[in-house]
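A.B. asks:
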């Protein structure tokens, strides 16, 4: 399981935790910056996406070319944008991508939302569930 990120510098990002400020600064954060955790179990992966404030009706999931795409949007009054002195989570949209590396039974992926956290269950393929094989050195 591997997460992918957009190139640095896109969407106004100038380094971890550092965004442009001042006149003309864009108040929108990168779409991919919601944090997530991936729990590895014997039978699957559980992805916890911290998408607080995003209604489940506005969250989309899709698998394309063995990559899971997770995105969300919410309305923001463009005529009255928020004025931040500091910002750590997205206001309008987010996007995350996870490479499934052939280890997930994509037909059985399920998602639910609990307390603002999107929980995506990714069942492992039978091949991915096989235990590691030890090889004796002779």
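In the numbering used here, the protein residues as written are 13 to 150. Where is the CB? At the ideal position from N, CA and C, for every residue including glycine.
(1) Label residue 20 either buried or exposed according to how many other C-beta atoms from any shown protein chain fall within 10 Å of its C-beta, with 16 as the threshold for buried.
(2) Under a three-way DSSP split, which group does residue 138 fall into?
(3) Whole angstroms is fine: what's the gap from residue 72's alpha carbon to residue 66's?
(4) Could you tell me the alpha carbon to alpha carbon distance between residue 129 and residue 148, rounded to whole angstroms?
(5) Using C-beta distances below 7 Å, list every residue in its chain close to residue 76, excluding the 5 sequence neighbours before and after it, in chain order.
(6) What is the DSSP secondary structure of residue 49, counted as helix, strand or coil?
(7) So, with DSSP's three-state summary, where would you put residue 120?
(8) Pick helix, strand or coil for residue 69, following the three-state DSSP scheme.
(9) So, with DSSP's three-state summary, where would you put residue 128?
(10) What separation, rounded to the nearest whole angstrom, lies between the Cα atoms of residue 133 and residue 57?
(11) Can you list, in chain order, the residues of its chain with a C-beta nearer than 6 Å to that of residue 118? Leave out the 5 residues immediately preceding and following it.
(12) Applying the criterion that 16 or more other CB atoms from any shown protein chain within 10 Å of the CB defines a buried residue, is residue 108 buried or exposed?
(13) Identify the continuous beta strand (DSSP E) that holds residue 79 and give its terminal residues.
C.D. replies: This is what the structure holds:
(1) Because the pLDDT at residue 20 is just 34, under 50, the model does not fix this residue reliably, and the value given afterwards should be weighed accordingly. By the neighbour-count rule (16 or more Cβ atoms within 10 Å), residue 20 is not buried but exposed.
(2) Residue state, collapsed to three classes: helix.
(3) 11 Å
(4) 44 Å
(5) For residue 76, where only same-chain residues beyond five positions count, there are no Cβ hits under 7 Å.
(6) strand
(7) helix
(8) helix
(9) coil
(10) Approximately 6 Å between the Cα atoms of the pair.
(11) 75
(12) Classification for residue 108: buried.
(13) 79 to 85
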